[in-house]
Structure formats: C-alpha cells, structure tokens
Amino acid sequence: MTTPSNQDRVYIFDTTLRDGEQCPGATMTFEEKLKVAETLDNMGVDIIEAGYPFASDGDFEAVREIARRSKNAVICGLSRAAHKDIDRCAEAIKPAKRGRIHTFLSTSPVHMKYKLQMEPEQVYEMVISSVTRARNHTDDVEWSSEDGTRTEFEFLCRCVEAAINAGATTINIPDTVGYAVPEEYYDLFKRVRETVPNSDKARFSVHCHDDLGMAVANSLAGVRAGARQIECTLNGIGERAGNAALEEVVMAMRVRSDKLPYWNNIESTMLTHASKLVSAATSFPVQYNKAIVGRNAFAHESGIHQDGMIKNAQTYEIMLPETVGVKATSLVMGKHSGRAGLIRKLEELGFKLSRNQVDDVFVRFKALADRKKDVYDEDIEALVDEELAHAQNMLKLVSLTVIAGTHGPQRATMKLDINGQVRIEEAEGNGPVDAVFNCIKSLVPHEAKLELYQVHAVTEGTDAQAEVSVRLSQDGRSVTARASDPDTLVASANAYLGALNKIVMKQHREKPIGMPATAAH
Ligand code: KIV
Ligand code: ZN
1386 MTTPSNQDRV YIFDTTLRDG EQCPGATMTF EEKLKVAETL DNMGVDIIEA GYPFASDGDF
1446 EAVREIARRS KNAVICGLSR AAHKDIDRCA EAIKPAKRGR IHTFLSTSPV HMKYKLQMEP
1506 EQVYEMVISS VTRARNHTDD VEWSSEDGTR TEFEFLCRCV EAAINAGATT INIPDTVGYA
1566 VPEEYYDLFK RVRETVPNSD KARFSVHCHD DLGMAVANSL AGVRAGARQI ECTLNGIGER
1626 AGNAALEEVV MAMRVRSDKL PYWNNIESTM LTHASKLVSA ATSFPVQYNK AIVGRNAFAH
1686 ESGIHQDGMI KNAQTYEIML PETVGVKATS LVMGKHSGRA GLIRKLEELG FKLSRNQVDD
1746 VFVRFKALAD RKKDVYDEDI EALVDEELAH AQNMLKLVSL TVIAGTHGPQ RATMKLDING
1806 QVRIEEAEGN GPVDAVFNCI KSLVPHEAKL ELYQVHAVTE GTDAQAEVSV RLSQDGRSVT
1866 ARASDPDTLV ASANAYLGAL NKIVMKQHRE KPIGMPATAA H
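My numbering numbers the first residue of the sequence shown as 1386 and each following residue consecutively.
Next comes the structure, spelled out in structure tokens:
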C-alpha cells in the first residue's frame, strides 16, 4: 500500500446543477437544487457548479443561496465571456466561503465562424479580457475552451497560455460534442501541458460528453495525462447524451487503483442516495443496468450467478454493494410498523427530514401500509421524494374519482387546492387518464403540451405502487415530474400537477405572478 500523494489527488467538480440541469426536461425547483447541493457538499465534492447566474433571476438566486449555505465545497458559477455575465456571476457566488468564476469561450473553427462569428484574434483578445475581468472579482478562476477537442492545436495552446497569464487557475479543455476517443484525449492533455510554457501554473480539467459513450473513459484518459480535475454529473445527466457520471469515475479510480492510482475525497457510501435524489428531483429515471447506481447493478438473476454468489461474492461482484451505499437485505415495513421504525428506516436510507416532514411522511406511510401488505425501501423513498417535491406546491390534489370501464366515455371528478382555494371540476376523456388530464386543464387552463407519459411499477405484485412520469413543455422548455401511488390514476394526476407546478414556480420566481392560472396562460 503506497501513501497517497498530493500529486495524485483528483478534484471532483460536479456540474449536475448546471450542465445536468441544462438537459431537456431536467429542470429542478429552487428547493430541489438546494437539497442536491447540500448532498454534494456532504459527500465531499470539491467544487459544485451551482448554475449559470446570468440565465435568469431564478438561476441567480439558486446559486447565491447555495453559496450562502455551502460548508466545504467551492461554489462555482458559469459565465460566458461578456463582462456583464461575469459581473453577475461574481455577485451570485459572493456569499460563498470559497467561490469560483468559470468563464468559457469557443475556440474551434466551426464554433468561432458560425456560433460566435468572430475571427480567431478577436477570440484570443476576449479570452484575455474575460479572464482578467473574472480575476478582478476572485482569485479562483476557471477558463474553458469550449469545443476544445475540435480546436486547432496551436490556437488552443495560445489561448491556454493567455488565460493562465491573465490569471486563470484552472484550465478546462472540454470534449463539448463527445467526439474524442481516449488515446486522442490523453495525447491532447499531454501535448498541451508539454507545449504551453506556463502550464505548471494551473490545474488542468477534463469535461467530457457522452455522445459516443466514452465520457468516463475519456475523462480517465485525461487524468492519466496529468489533468487533476474531473467535471461530471450524478447519473451522468447533461446536454444531449449527458456528461461523465460522477459515480463511475469515482468508483473506477477506487476499484482499479492498481491501474488508476489517483484518489479523491468522495464518500462513496453516499453515491446511491445522491443518485436517487437527483433522479427524484429531475424525474429522470436511472436506467436499470446503469453502472454503480442502477437497480440491477448488484442483482444476480441467473441460477449459475446466484450459485457463485452464495459460494463467494467475489465470483460476480467487483465491489461490495455497501461501498456505494446499497444495503444488503433490508427491513420490510408494514401496517404494524410504528413511527420509531419509520424514523430508523429513513435514517438508514440517508434521509434527514424535519419533524414536520417526518409527520407528513408517517401519515402517508400509514395510508400506504393500509392498502399494501409489504412496504419496501423503494416505496418509502417514493413517499419521501413526493413529500419533498410537493411541500412548496401551489397546485395540490385534494380528491379524485374516476368512472372507467367498457362503457365510455370515461369521467373524472377532481377537487384541487389552487394556492389555498379549493375548486372542483368534472371532465370526460378518451380513456380514464385523458379524463383526469382534461379535468386538470379545465381547473388550471394552460398551454403546456404533454410530451411524455410513462408508467411503471415501483415494486412487484398487483398491489405495487405505480410510478408515473409526465413531461410537459412550454415556451421551448420542458419539465418532468414523477409521482407514485397504488392507484395509477392518482399517480398520473399528481405527476401532471407536479410538472405544472414546476412551470408555475419557475415563472413565479422569474416574474412574480398572482395566480397560477395566469402563469400557465
Ligand atoms: O461542454 C462544454 O463545453 C461546457 C462548457 C461550458 C464547459 O459545458
Ligand atoms: Zn458540457
């Protein structure tokens, strides 16, 4: 066993709240962002990219509040090269104990010509002026050459050298379009670090997208070539095919430390909980066979594998499930379980809830246990997710009755609490789900379009909870919400209302409004 040296320390830069939140449908509410940031901070993430403050007042407020609350991590805001962007970003990160401005500019021929419509010399000058501007606000400045992997090598080196001279302390060379292959990304970092005369004055960073499924491999190749910061997201969410997954880079370095002798500060037992939290906040389900955090990652189905596992777990497992926070067999709850049992279970699952939240979850747990014999961990997680998601909602389902069957049309009657006022409405539809959604539309007129409606069972059996995901889009932005209930129609109504709530809350934060109906047109 060799002692870890500072040279082998890799800094984990999490961009779930920025690049992750940027992907279509992954919008998080203000409260959800705070919760995710708190978890990242507790988990040992070194730098949290909390958002893009210039994008909207809502993004600015979220970055500022995260900066105010963070205990350990450096809080970073993203900014384009324009001075007004940089100044706004500086304002947002000001309350942080340690804050960073991350400013970027495209350097590839295709981006400079078509996106920026600027000559390379203008770009070069802008790199210097943007980094200088950022450096006047803070001494922790990161500069990124957007589309770095498709940039001409000489020009990339000139820009990197200029950025370091202007005061950048971290240099990020992103594979913005997920085009690189590992050997190529390795060579790029090696050559840039060897060629740029002042490269020893900055820490180099990798930022890889997964368009060809190589984001994690590329990130690790960059680290082997001397980069010491990895930009990644939980569950690998991000623009298009996503970013390198935090849980994968962390566990690859831990499990294969013989080949990847680098260390980081992440408390890996929190990975599963953090993944579930992000999945609940974004309503993006984690693919079942996802490495490290997928529900099948430690499941063994075939007889041959089960037999091997019984004889020795090392036959088919390369890491202990506990190291990533997956509990072995877990205590099943039922209608006789009391409050103390629930509190213990919530702690075991990694939830820290206020007393009021525990009270609410307990009421919902009892109601569920009355309808369902065994309540599994997944059921409890679904209850808590709902509790966290619905706490601030303006639209709340009070009751729902649906008449369905072979003799249509199907009819729904719904009572809704709209910002404290209870209203009732009836509607027909082409099927029970359509009737439920029509009811919502007449109670809360809006122009959002339904983009996705998906149902799956949280656990097994006919009494399993149905988990419904709904994605709505309005004004070019889409939001997703998820809800679960043993009754599929109730779950459908809550998921639809959850997505509508996100639209209403976002508009409310960006431009305060009176009633939700106005906000949703
Ligand atoms: O992918 C990318 O190039 C980015 C930059 C803003 C760092 O996300
Ligand atoms: Zn990116």
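Where a beta carbon is used, it is the ideal one built from N, C-alpha and C, also for glycine.
Within 8 Å (strictly less), CB to CB, does residue i reach chain C?
i	result
Tyr1499	Absent from the structure is chain C; it holds one protein chain and no more.
Specify the secondary structure class of residue i as computed by DSSP and reduced to three states.
i	result
Met1694	helix
Thr1488	strand
Pro1559	strand
Phe1398	strand
Ser1846	It should be pointed out that residue 1846 corresponds to Gly in this sequence rather than to Ser. In the structure shown, Gly1846 sits in coil (DSSP, three-state: anything other than H, G, I, E or B).
Phe1445	helix
Tyr1509	helix
Ile1615	strand
Arg1729	helix
Phe1669	coil
Leu1782	strand
Thr1714	In this prediction, Thr1714 scores a pLDDT of 47, lower than 50, which makes its location untrustworthy; the coordinate-derived value is nonetheless stated afterwards. Coil.
Phe1589	strand
Asn1886	helix
Ala1547	helix
Cys1474	helix
His1721	coil
Glu1531	strand
Ser1464	strand
Gln1795	strand
Asp1744	helix
State yes or no: is the C-beta of residue i nearer than 7 Å to some heavy atom of ligand 2?
i	result
Gly1623	yes
His1592	yes
Asn1557	no
Asn1628	yes
Met1532	As written in the sequence, residue 1532 is Asp, which differs from the Met given in the question. Not so, every heavy atom of ligand 2 lies at least 7 Å from the Cβ.
Residue i: buried (16+ other C-beta within 10 angstroms of its C-beta) or exposed?
i	result
Val1864	buried
Leu1780	buried
Glu1537	exposed
Glu1510	exposed
Lys1730	buried
Val1495	exposed
Leu1874	buried
Thr1400	buried
Ser1390	exposed
Ala1684	exposed
Ser1920	In the structure as shown, the chain starts at 1386 and stops at 1906, and residue 1920 therefore has no counterpart that could be examined.
Glu1733	exposed
Lys1418	buried
Thr1847	exposed
Leu1835	exposed
Pro1438	buried
Gln1936	The displayed coordinates of the chain run from 1386 to 1906. Any statement about residue 1936 would go beyond what the structure contains.
Ile1486	buried
Pro1830	exposed
Kindly examine ligand 1 and report whether one of its heavy atoms sits closer than 7 Å to the Cβ of residue i.
i	result
Asn1650	no
Phe1574	no
Ser1529	yes
Thr1561	yes
Leu1463	yes
Asp1404	yes
Phe1489	yes
Relative to ligand 4, is the shortest distance from any of its heavy atoms to the C-beta of residue i smaller than 7 Å?
i	result
Pro1817	For ligand 4, the structure offers nothing, since it holds only ligand 1 and ligand 2.
Looking only at its own chain, which residues have a Cβ that is under 7 Å from the Cβ of residue i, when we skip the five neighbours before and after it?
i	result
Ile1888	Ala1833, Leu1857, Gln1859, Val1864, Ala1905
Val1783	Lys1800, Leu1801, Asp1802, Val1807
Arg1453	Pro1480
Ser1668	Ser1854, Thr1865, Ala1866, Arg1867
Ala1458	Leu1425, Asp1426, Val1430, Asp1431, Ile1432, Ile1433
Tyr1673	Gly1679, Arg1680, Asn1681
Ser1491	Met1497, Lys1500, Leu1501, Glu1531, Asp1532
Ile1556	Trp1528, Val1545, Ala1548, Ile1549, Ala1587, Phe1589, Ser1590
Tyr1767	In the sequence as presented, Tyr is not what sits at residue 1767; that position holds Ala. If we look at Ala1767 and ignore the five residues flanking it on each side, its Cβ neighbours are Val1843, Gln1850, Glu1852, Ser1869.
Thr1714	At Thr1714, the pLDDT of 47 sits below 50, so the modelled position is not reliable; the number obtained from the coordinates is stated separately. Closer than 7 Å at Cβ, skipping near neighbours: no residue.
If you drop the 5 nearest sequence neighbours on each side, which residues of the same chain put their C-beta closer than 6 Å to that of residue i?
i	result
Arg1535	Ser1493
Arg1724	Phe1747
Gln1407	Glu1624
Glu1811	Thr1798
Cutting at 8 Å between CB atoms, please list the residues of its own chain near residue i, excluding the five before and the five after it.
i	result
Leu1705	Ala1698
Ser1664	Asn1620, Pro1670, Val1671
Query raised in the report: Enumerated in chain order, which unbroken segments of the beta strand (DSSP E) with a length of 3 residues or greater are wholly contained in the region 1805-1879?
Result: Fully enclosed beta strand (DSSP E) runs of 3 or longer: 1806-1814, 1834-1842, 1851-1859, 1862-1870.
Query raised in the report: Hey, which unbroken runs of the beta strand (DSSP E) at 3 residues or more fall wholly within the region 1609-1653?
Result: Correct list: 1614-1617.
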